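Accompanying notes for the structure given below.
There are 2 protein chains.
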Amino acid sequence: MPADYILSKPMHSFKALSGQFNQRFDQRVFPDKPSGLYDPAQYILGLGGKRIRPVLCLMGNELFDEIREDAFDVAVAVELFHNFTLIHDDIMDEAPLRRGEPTVHYKYGPHSALLAGDVMLVQAYEYLNRIKASYIHRILQVFSRTAREVCEGQQLDMDYAALALSAVDMGDYRHMIALKTSVLLAASLQMGGILGGGSEGNLDHLYAFGKNLGIAFQIQDDYLDAFGDPEKFGKQPGGDILVNKKTFLLLKAWEMGSPAVRKAILELMESETPEKVMRMLAIYHDCQVDRWAREEKMSYVYKANEHLEKITVLSTRKKELSELVDILLNRES
Amino acid sequence: MPADYILSKPMHSFKALSGQFNQRFDQRVFPDKPSGLYDPAQYILGLGGKRIRPVLCLMGNELFDEIREDAFDVAVAVELFHNFTLIHDDIMDEAPLRRGEPTVHYKYGPHSALLAGDVMLVQAYEYLNRIKASYIHRILQVFSRTAREVCEGQQLDMDYAALALSAVDMGDYRHMIALKTSVLLAASLQMGGILGGGSEGNLDHLYAFGKNLGIAFQIQDDYLDAFGDPEKFGKQPGGDILVNKKTFLLLKAWEMGSPAVRKAILELMESETPEKVMRMLAIYHDCQVDRWAREEKMSYVYKANEHLEKITVLSTRKKELSELVDILLNRES
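From first to last, the protein sequence lines are chains E and D.
Position one of the first sequence corresponds to residue 45 (our numbering), numbered consecutively onward.
Position one of the second sequence corresponds to residue 45 (our numbering), numbered consecutively onward.
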């Protein structure tokens, strides 16, 4: 089939591609033994998730060409890397639950979790080494740069967690969020695009699309944690407020707040009153942080879409990426 | 210079190559910021060490050809990987000291140590991605397989630590030691050999040389911990005995011991008498475990040298590898 004919047709949907990916990924990825090493790794994969990053990799490829077998290997590598970061982040955050189930270190102990994470990172590189030789150098470059940035983001997150609220600059925080959550989404699209033969200019726009999408997604995450409908969201709002997590909302409230409001915020953060969440939400409302967050999210969606528009393929072909923005960013849960 | 002329001359000595390596490696390997991430990584590199693995990589290359620039990149990758395992192993072993200085997690906290280890592993792969495209696939294959084996070895080590002495099979234990310590020595030589253009047969012998050398080295390590001259060894003997570490010596004593001796071993392991070390050493002597260890070590040295002999290069060329065996295995400290 000639490429121009293919490229005039729509891509597969997110749902279709995630089905294709899961069909391969659901088979056991790891060896059986030693089970102390591989069972924890297999366990976190079994907790599911939307497999957003591997599907982005497949979509990045399909935007420019038919999906190559190599794209599935890179997609697996990306998902393994993502789960490696989840295991290690959960250790560092001392998180007891992940997707409603015990975290790996709670279930298997911190040492097994640490080592299982390590071997998943190694295995991610093993999947990358399956692809065609002519692509390896470039894919490895993007993958390792991104992996390093994600580590830097996690370190900055820990650094900021230890700082006073007044010492965290919104711009620095945004940079941390970009490293911690956006660059992997962006790189997943970009690596797919490389395999699809996208031009440098198109790859840059694809990367920027993913990066802005990621920041919008994080703002929404913070927003839903505070203002989400408990029935649709599946949990009580205010989890971030209870643990004094520095979020876009908290930083913005601090930025907007008068000295009196700032004093109230600090007092609330130190208190353990049962009304902590309710009273912080009242401050957020007073500072119009909820409205700001909705607008801020939309401004990133807008930027993302601007970059998507500039990619020189037929708009029919881009439709599924636009739809993906809607799927990810109009969710209420 | 024609290759056959070069290959009739001796290689550089271990000392000369480690000097060349350190000259490059002593410059700061990591970026400055975030310092919470990179300072711990730089710290462990600053603790020194003999840089055995990177030098093995250079020697593996030089055995077959002049040293390629690529070999230095692989050597750095190997040393970064080795230090990544030291950081994470020290967390898992809850070790307070490494080379007489505080371990990374003692100095910087377990979370920074965890993340610093992660980024070192990523950076190791970044160095591998610098080498000539035609070698990348093969080098990555050896490197990742080895990295996985080292993780498996560490898991098996933790598994065996939790088992009763009677449940650990000497053959399984030997396999664990090979994974945990020997395969990286072997792979360092092999990767150097690949870059030097060694034939498959020669590379296999080079790998087997390194693997047997590694096991001999571990037996010696266990031996010196028990029977080493405190003045030359720089520490009091019996550290392994005090923490009930399963070593070649302990397993062999168990294997050789009568029911009465086994009972005495178990009682000693549970006791905290100040005479614990002295009394366990007496058992080792009674079972002739010291003599066995010396012989066992020599049998691995013999196997290593057999493989070295089978490598089809002039013996002049191999001389420095033979000397290395002496340097590593006739040490008393």
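Heads up, the beta-carbon is just placed ideally off N, CA and C, and yes, glycines get one too.
Quick caveat: nothing in here was measured; it's all calculated off a predicted structure.
Counting C-beta pairs with one atom in each stretch, the stretch 261 to 271 of chain E and the stretch 123 to 142 of chain E have fewer than three that are closer than 8 Å, which means they do not touch.
The C-alpha of A85(E) is placed about 10 Å away from the C-alpha of R72(E). Contact fails between the stretch 98 to 106 of chain E and the stretch 207 to 226 of chain E, because fewer than three Cβ pairs, one in each stretch, are under 8 Å apart. Rounded to the nearest whole angstrom, the CA to CA distance from L81(D) to L358(E) is 43 Å. Looking at the backbone, the Cα of Y251(E) and that of Q64(D) are separated by about 40 Å. Interface annotation, S188(D): in contact with chain E, CB-CB separation under 8 Å. In the DSSP assignment, N246(D) falls within the unbroken alpha helix (DSSP H) covering E244 to F271. In this structure, the alpha-carbon of T225(E) lies about 12 Å from that of S232(E). R174(E) and A211(D) have their alpha carbons spaced roughly 39 Å apart. By the criterion of a C-beta distance shorter than 7 Å, T147(E) is surrounded in its chain by D134, A139, P140 and L141, once the five residues flanking it on both sides are discounted.
Along the stretch 173 to 185 of chain D, the positions whose C-beta sits under 9 Å from a C-beta of chain E are N173, A177, S178, I180, H181, L184 and Q185, read in chain order. Note on geometry: alpha-carbon atoms of Y346(D) and K363(D) lie some 16 Å from one another.
The secondary-structure analysis by DSSP pairs L141(E) across a beta bridge with P146(E). Look at the stretch 195 to 229 of chain E: the residues with a C-beta under 7 Å from a C-beta of chain D are C195, E196, Q198, Q199, L200, M202 and D203. Taking the Cα positions, I238(D) is about 8 Å away from Y179(D). Contact annotation: R95(E) and S62(E) have beta-carbon atoms nearer than 8 Å. Residues of chain D whose Cβ lies closer than 8 Å to the Cβ of H149(E) do not exist; the shortest such Cβ separation is about 11 Å. Just so you know, the alpha carbons of K151(D) and K53(D) end up roughly 47 Å apart. Contact annotation for Y87(D) against chain E: no contact, minimum CB-CB distance about 15 Å [criterion: below 8 Å]. With respect to the 8 Å criterion, A222(D) and I183(D) are not classified as neighbours on the basis of their beta carbons. Rounded to the nearest whole angstrom, the C-alpha separation of L312(D) and Q199(D) is 26 Å. Annotation: the continuous alpha helix (DSSP H) that includes H351(D) extends over V333 to K354. Not a single C-beta of chain D is nearer than 8 Å to the C-beta of V120(E). H132, I135 and M136: these are the residues of the stretch 122 to 152 of chain E whose beta carbon lies less than 7 Å from some beta carbon of chain D, given in chain order.
Listed in chain order, the beta strand (DSSP E) elements of length 3 or more contained wholly in the stretch 158 to 183 of chain E amount to none. Spatial neighbours of G197(E) in its own chain (CB-CB distance under 6 Å, excluding positions within 5 residues in sequence) are listed in chain order as M220, L223 and K224. Comparing alpha-carbon positions, the option among D201(D), G90(D), T356(D) and D284(D) lying closest to L124(D) turns out to be G90(D). The C-alpha of R323(E) lies about 13 Å from the C-alpha of K307(E). The distance from the Cβ of H155(E) to that of M202(D) is about 6 Å, consistent with a contact at the 8 Å cut-off. For L158(E), the C-beta contacts it makes with chain D under 8 Å involve H132, I135, M136 and L158, in order along the chain.
Counting only residues of its own chain and dropping the five nearest sequence neighbours on each side, L165(E) has a CB closer than 8 Å to the CB of L124, F125, F128 and A191. In the DSSP assignment, H219(D) falls within the alpha helix (DSSP H) that extends over M214 to I221. A Cβ-Cβ contact shorter than 8 Å links T356(D) with N246(D). Annotation: Cβ neighbours of P78(E) in chain D (cutoff 8 Å, chain order): E196, Q199, L200 and D203. Rounded to the nearest whole angstrom, the CA to CA distance from Y344(D) to W336(D) is 12 Å. Inter-residue distance for A205(E) and F292(E) is about 13 Å (C-alpha atoms, whole angstroms).
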